[in-house]
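Protein chains in written order, with our numbering: chain A, 1121 to 1426; chain B, 12 to 321.
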Amino acid sequence: MNDLIRIKGLIKRNILIFFNNKGLVFFSMLTPIIVLMLYLLFLKSEMTSSLERVANGLEGLVSTRDIDQLVNGLLLAGILGSALITIPCNALQIFVRDREENVDYDMISTPVKRIHIILGYYLASVIASFAQTTVVMLGGIGILYAQGDMYLQLSDIVYLIVAVFLGTISSTGFFMFIMMFFRNVTTSSAFMGILSAVAGFVIGAYIPLSEFNKSIQNICNLIPATGVTIIIRNLLTSGVLEHMDECIGGIDGGAFVSSMGEVFSFYTTIGSNSWTLMQTCVYIVVMTIIFVAAVGIIYPKVCKNR
Amino acid sequence: MSGGNLKAIEVNNLYKKYNELTAVDNISFEVQEGELFAFLGENGAGKSTTINILSTILDKTSGTVEVMGHKLGIEDDAIRNDIGIVFQNSVLDYELTVKQNLMTRGAYYGYCKKDIIDRIKDFREEFSLDEIWNRKYSKLSGGQRRRVDIVRALLHRPKILFMDEPTTGLDPMTRRLVWDYINNLRKKENLTIFLTTHYMEETAEADNVVIMDKGRIIAEGTPAELKSRYTDKKIIWYADNTNENKEIIEKSKASKYQYEADHYSICMNEDVTDFIWNNRNIIQDYEIIKGTMDDVFLNLTGKEMVACNE
Chain A
1121 MNDLIRIKGL IKRNILIFFN NKGLVFFSML TPIIVLMLYL LFLKSEMTSS LERVANGLEG
1181 LVSTRDIDQL VNGLLLAGIL GSALITIPCN ALQIFVRDRE ENVDYDMIST PVKRIHIILG
1241 YYLASVIASF AQTTVVMLGG IGILYAQGDM YLQLSDIVYL IVAVFLGTIS STGFFMFIMM
1301 FFRNVTTSSA FMGILSAVAG FVIGAYIPLS EFNKSIQNIC NLIPATGVTI IIRNLLTSGV
1361 LEHMDECIGG IDGGAFVSSM GEVFSFYTTI GSNSWTLMQT CVYIVVMTII FVAAVGIIYP
1421 KVCKNR
Chain B
12 MSGGNLKAIE VNNLYKKYNE LTAVDNISFE VQEGELFAFL GENGAGKSTT INILSTILDK
72 TSGTVEVMGH KLGIEDDAIR NDIGIVFQNS VLDYELTVKQ NLMTRGAYYG YCKKDIIDRI
132 KDFREEFSLD EIWNRKYSKL SGGQRRRVDI VRALLHRPKI LFMDEPTTGL DPMTRRLVWD
192 YINNLRKKEN LTIFLTTHYM EETAEADNVV IMDKGRIIAE GTPAELKSRY TDKKIIWYAD
252 NTNENKEIIE KSKASKYQYE ADHYSICMNE DVTDFIWNNR NIIQDYEIIK GTMDDVFLNL
312 TGKEMVACNE
């Protein structure tokens, strides 16, 4: 009972600090904003025109509006995927700052257990990132609906929320592991800077992963955030793709839809193996458990003895 | 002044080593319950390290420590419930309001919202928290922050309050205020206060003072003991500068003397009374000035500096 109050107190503190720090919240959204800008500036027109060329071969069975919505879905998947990397990472800056400024002394000199402290940071980051990403997602879906039918079902939205949750727990676990080794905010910010630049590429938001060479693709596919993005991409665009397939009416034997899946990485592919979405899910969960367990074991040792 | 005969803190042969550096080098001391105990030393003397070890934040390298009868390293949680700490640099969150800061800290001790409000009630008036209750910590003045820091440290009604340089960086007025709070608390709650400071004058009010230098204890005792042991008394003798007078002084046990404007200032450790008594016919207009804690400290650490220079 007391332990619960303690963890709740820690979580509340960490969340309040994050949302009260406008700089942190803004920078956590920087990469998603850049993804959006790049789409609006040129990525969208480029993708739509190349998709339209393919569609022309299908005697106009695929409508321009559907192509538009497919690209919009890919955009939103990119925004969410990068947000799931940068938001947890920024929320965890508090963890590094507390250590640098010895604010954690205030925690470890109370009866709060080390494992509660680490849980406090982890869960606070999970809750804050989940809330923020869900708001972005629902806002994004709202905007897409205003532009035309997304063919999304209520169940898809529920799955999307689950996928976002999976993304937050895995990303937070992964970055918590990394942040544990940073002793000051200067280095962790430098790391953040690099990460913000790389995030969009790793998950295939700027350029589809299929454009990279095979070994880089394999590495990217092993990153849990990429897996989460793949799941989100499937959920956001499957409705439109199915609708397109119906419009085409089997003339191409489903070739259009399956080539879309290949180009825009709809499945985790390691070497020549392609995983089902379920396998990707399991992989992400396993990785999460490994990272969280590693943090739980290492942190209490790093905490003392300085 | 010391209230009880119970030991609040007992430290034996404490060491703290970092690779090659020995931050705390075999120190032993006791703090009685209800006492104001001061740790005096320059920056880097090992004061904060010692406090951090006593408050379970850092691991000791060796030695035994008991806090309120609880063994350090074994009954750490019991110790944590009995101590409150005012850190040298504030550990409260700048982004949060005073209320949010105190409420979240209260939760660390396992108190629910209502409990915390009840506990803070007394402090709200005494430390005039009401006016700043919903203000962000970052928007508070130095003195206001210190007030909140102290309330934070007292939230769970600890038996020992550690204060690591609580008045460093505060203006003289605020320093006075902080001291008023500390003295009030001692009277009201029979709180043991463990203070570190590098302001010598602040230790004058302590029951016991330990002076640290380079990780070691170089002196300990009550301020009065330390002053008589490590400083000379100074006699100001208002008289003309004549050879006769000089002779009298030179015959005495004065360690040093000089004539300034209209008086001699004579440094003397013992025999001050004898000196004056024996020369009572000649020495008529005089003052005796005891050494200050500054002198004690400088005599102990900066060896060549002499107490009589004020």
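C-beta: ideal position from N, C-alpha, C; glycine also.
My understanding is that residue i touches residue j, with C-beta atoms under 8 Å, so please give their C-beta distance in whole angstroms.
| i | j | result |
| --- | --- | --- |
| A:T1292 | A:P1208 | 4 Å |
| B:W248 | B:Y297 | 5 Å |
| A:I1137 | A:H1236 | Contact doesn't hold; Cβ gap of about 17 Å is too wide. |
| B:E176 | B:T207 | 6 Å |
| A:N1222 | B:L107 | A:N1222 to B:L107, Cβ: 17 Å. No contact. |
| B:I64 | B:V78 | Actually they are not in contact, since the Cβ atoms of B:I64 and B:V78 sit about 10 Å apart, beyond 8 Å. |
| B:F98 | B:E231 | Going by Cβ atoms, the distance from B:F98 to B:E231 rounds to 24 Å, so no, they are not a contact pair. |
| A:I1404 | A:V1348 | 6 Å |
| A:P1420 | A:V1256 | Not a contact, Cβ separation roughly 34 Å. |
Inspect the beta-carbon positions of residue i and residue j and report whether they are closer than 8 Å.
| i | j | result |
| --- | --- | --- |
| A:T1288 | A:S1316 | no |
| A:G1268 | A:I1199 | no |
| B:I20 | B:V42 | yes |
| B:M304 | B:G57 | no |
| B:L311 | B:I229 | yes |
| B:Y148 | B:D182 | no |
| A:Q1337 | A:T1389 | yes |
| B:K264 | B:I300 | no |
| A:Y1387 | A:I1350 | yes |
| A:S1148 | A:T1230 | no |
| A:V1415 | A:F1297 | yes |
| B:Y26 | B:T72 | yes |
| B:F173 | B:I96 | yes |
| A:L1355 | A:L1280 | yes |
| B:T185 | B:R157 | yes |
| B:T242 | B:D306 | yes |
How is residue i classed by DSSP in three states: helix, strand or coil?
| i | result |
| --- | --- |
| B:E44 | coil |
| B:N23 | strand |
| B:Y297 | strand |
| B:G74 | strand |
| A:N1141 | coil |
| A:I1228 | helix |
| A:N1134 | helix |
| B:A230 | strand |
| B:E53 | coil |
| B:W248 | strand |
| B:N100 | coil |
| B:I68 | coil |
| A:I1125 | helix |
| B:A278 | Contrary to the premise, residue 278 of chain B reads as Cys rather than Ala in this sequence. B:C278: strand per DSSP, three-state reduction. |
| A:I1368 | helix |
| B:C319 | Its pLDDT being 42, under 50, B:C319 is placed unreliably in this model, and the value from its coordinates should be taken loosely. In the structure shown, B:C319 sits in coil (DSSP, three-state: anything other than H, G, I, E or B). |
| B:D36 | strand |
| B:D273 | coil |
| A:H1236 | helix |
| A:L1286 | helix |
| A:R1426 | Unreliable positioning characterises A:R1426 in this predicted model, as indicated by a pLDDT of 47, which lies under 50. The coordinate reading is nonetheless provided below. Looking at A:R1426 - three-state DSSP - the assignment turns out to be coil, as it is neither helix nor strand. |
| A:N1192 | helix |
| A:S1394 | strand |
| A:M1092 | No information on residue 1092 of chain A is available, as it lies outside the stretch 1121 to 1426 that chain A covers here. |
| B:V3 | Limits of chain B in this structure are 12 at one end and 321 at the other, which puts residue 3 of chain B out of reach. |
| B:L172 | strand |
Taking beta-carbon pairs under 8 Å, can you tell me which members of the stretch 97 to 108 of chain B lie near chain A?
F98, N100, V102, L103, D104, E106, L107
For the stretch 64 to 75 of chain B, which residues have a CB atom closer than 8 Å to at least one CB atom of chain A, in sequence order?
S66, T67, I68, L69, D70
Any C-beta of chain A within less than 8 Å: which residues of the stretch 81 to 94 of chain B qualify?
D88, R91, N92, I94
Answer yes if the stretch 74 to 94 of chain B comes into contact with the stretch 256 to 267 of chain B, meaning at least three C-beta pairs across the two stretches below 8 Å, and no otherwise.
no
Specify whether the stretch 1190 to 1198 of chain A and the stretch 1150 to 1164 of chain A touch according to this definition: at least 3 beta carbon pairs, one from each stretch, less than 8 Å apart.
yes
Answer yes if the stretch 1358 to 1371 of chain A comes into contact with the stretch 1316 to 1328 of chain A, meaning at least three C-beta pairs across the two stretches below 8 Å, and no otherwise.
no
Indicate whether the contact test is met: 3 or more Cβ pairs, each with one atom in the stretch 1402 to 1420 of chain A and one in the stretch 1293 to 1304 of chain A, closer than 8 Å.
yes
Sufficient close CB pairs (3 or more, under 8 Å) joining the stretch 1212 to 1219 of chain A to the stretch 1301 to 1308 of chain A
yes
Could you tell me whether the stretch 189 to 201 of chain B touches the stretch 153 to 171 of chain B, using the rule of 3 or more Cβ pairs below 8 Å?
yes
Specify whether the stretch 1181 to 1188 of chain A and the stretch 1352 to 1368 of chain A touch according to this definition: at least 3 beta carbon pairs, one from each stretch, less than 8 Å apart.
yes
Tell me which residues of the stretch 29 to 58 of chain B have at least one Cβ-Cβ distance to chain A shorter than 9 Å, keeping chain order.
Y29
Anything in the stretch 1125 to 1149 of chain A with a Cβ closer than 7 Å to a Cβ of chain B? List those residues in chain order, please.
I1125, R1126, K1128, G1129, K1132, R1133, L1136, I1137, N1140, N1141
Can you pull out the residues from the stretch 148 to 162 of chain B whose beta carbon lies closer than 9 Å to at least one beta carbon of chain A?
none
Give the residues from the stretch 1218 to 1240 of chain A that approach chain B closer than 8 Å (Cβ to any Cβ), ordered along the chain.
E1221, N1222, V1223, Y1225, D1226, M1227, I1228, S1229, T1230, P1231, V1232
In chain order, what residues of the stretch 258 to 292 of chain B put their CB closer than 9 Å to some CB of chain A?
none
Short of 8 Å Cβ to Cβ, which residues in the stretch 116 to 132 of chain B face chain A?
R116, G117, A118, Y119, Y120, G121, Y122, C123
Beta carbons nearer than 7 Å to chain A: which residues of the stretch 292 to 304 of chain B have them?
none
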